[in-house]
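I have placed the structure first, in the form of structure tokens, so that the comments after it can refer back to it.
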Amino acid sequence: MFVAVTESDVRLAEPEVFTAFHVVRPADMTPEGLAAALAGHDVGQLDGEDVLVRVDAVRRLAAGRVGDDWEDGFAGMLAYADRKGWLTDDGAAVRAHVEIG
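The numbering of the sequence shown is our numbering, which starts it at 494 and goes up by one.
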């Protein structure tokens, strides 16, 4: 799954794919523009070159688009991220690298 960010929209793409997680931004979007879009949609914040994506925002963006078993898959993804050190200490956000798309 990935978080697709534009100046006017933030959406969750491929929410059923639990083996990858990243943020995609347009080539012409600056880091400041990315930070503003993430904050404006209450999705996360920049942390160096990565984004800390709020776990509750992922759930919100997936709501109504995924099946009943999605939460189990997402929990597994978060457990993997935690083992890798990609989950914040409080479990509220998961680290994602940024790709230009």
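Positions of the beta carbon are idealized from the N, C-alpha and C atoms, including for glycine. Bear in mind that the values here come from a model prediction, so they are computed numbers and not experimental data.
* Asked: Out of curiosity, what's the CA-to-CA distance linking residue 556 and residue 494?
  -> 14 Å
* Can you find a CB in chain D that lies within less than 9 Å of the CB of residue 540? -> This model lacks chain D altogether; it includes just one protein chain.
* Taking the runs of the alpha helix (DSSP H) that are 4 residues or longer, which of them lie wholly in the region 522-550? -> 524-533
* Cβ shell of residue 580 (< 7 Å), same chain only, five flanking positions each side left out -> 571, 574 and 587
* Asked: Since residue 568 sits in a beta bridge, which residues does DSSP pair it with?
  -> Per DSSP, none; premise fails for residue 568.
* Mapping DSSP to helix, strand and coil, what is residue 558? -> coil
* Asked: Can you tell me whether DSSP reads residue 497 as helix, strand or coil?
  -> strand
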